[in-house]
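Engineer: Below you will find the structure I want to go over with you.
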Amino acid sequence: MPNVLIIGYGNPLRRDDGAGWEIVEWIEKNLYNDHIEADAYHQLTPDLAEELSRARVVIFVDAEEGGEPGASSIRELEAETITSSAFTHHINPSVLLSLSQSLYGKQPKAFLSAICGEDFGLGEGFSPKVEEEIPLLANRIKELALHELLLL
4 MPNVLIIGYG NPLRRDDGAG WEIVEWIEKN LYNDHIEADA YHQLTPDLAE ELSRARVVIF
64 VDAEEGGEPG ASSIRELEAE TITSSAFTHH INPSVLLSLS QSLYGKQPKA FLSAICGEDF
124 GLGEGFSPKV EEEIPLLANR IKELALHELL LL
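Numbering-wise (my numbering), the sequence shown opens with residue 4 and increments by one.
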């Protein structure tokens with residue numbers, strides 16, 4: 004299992020919502036390091052808690068609604084208290100961190116990297132501002148992953 008795990012998630016058939024997948028593909032093509040792994044998923048599910056428990060650092064990558072289209076951010080995450088409503092629709096990264104701790108006794112250091120989308124309609128491709136920001140954010144994630152790897 005890698006020391007740094009990058010998880011992109013979203014729906015690549017809903018335009019900007021596929022940004023997490025696109026960033027994972029960019030990282031796979033531009034970052035060759037045996038200690039860093041990047042995977043893409045349609046959504047976060049409870050079974051990913053086991054994978055998180057084996058990583059030292061995890062970076063989640065998602066598109067979000069609201070905010071200035073194309074704006075991006077990276078912030079450190081904390082675990083969230085698990086409630087029964089946490090499983091009604093989807094699991095967010097903070098709940099997944101809590102599951103990792105609760106079920107496996109380990110919780111990685113975690114970050115959420117998000118890009119504000121503009122178009123979440125059916126289709127492939129990205130709105131212009133998101134398409135412009137994707138390689139820039141992907142490079143920032145690459146730098147963060149390499150920096151965190153050096154700290155381990």
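Note that the Cβ used here is the ideal one computed from N, Cα and C, for glycine as well.
Just verifying my parser: in three-state terms, what is the DSSP assignment at Ser75?
Structural biologist: strand
Engineer: Rounded C-beta distance between Asp65 and Tyr107? I'm assuming under 8 Å.
Structural biologist: About 23 Å; that fails the 8 Å criterion.
Engineer: Can you name the start and end residues of the beta strand (DSSP E) that Tyr44 belongs to?
Structural biologist: It spans 39-44 - the beta strand (DSSP E) in which Tyr44 sits, taken as one unbroken run.
Engineer: With a cut-off of 8 Å on the beta carbons, I'd call Arg57 and Leu125 a contact; round off their distance for me.
Structural biologist: Their Cβ separation, rounded to whole angstroms, is 36 Å, which puts Arg57 and Leu125 out of contact at 8 Å.
Engineer: With Leu115 as the anchor, note down where its beta strand (DSSP E) starts and where it stops.
Structural biologist: 112-119
Engineer: Would Glu135 be called buried (16 or more neighbouring beta carbons within 10 Å of its own) or exposed?
Structural biologist: exposed
Engineer: Tell me whether Ser101 is buried or exposed, calling it buried when 16 or more other Cβ atoms sit within 10 Å of its Cβ.
Structural biologist: Ser101 comes out buried.
Engineer: Which word fits Pro111, buried or exposed, when buried means at least 16 other C-beta atoms lie within 10 angstroms of its C-beta?
Structural biologist: buried
Engineer: Taking DSSP as the reference, what is the three-state secondary structure of Glu67?
Structural biologist: In the structure shown, Glu67 falls within a strand segment according to DSSP collapsed to helix, strand and coil.
Engineer: How close, in whole Å, do the beta carbons of Leu153 and Ile26 come, if the pair is a contact with beta carbons under 8 Å?
Structural biologist: Incorrect: roughly 21 Å between the Cβ atoms, too far for contact.
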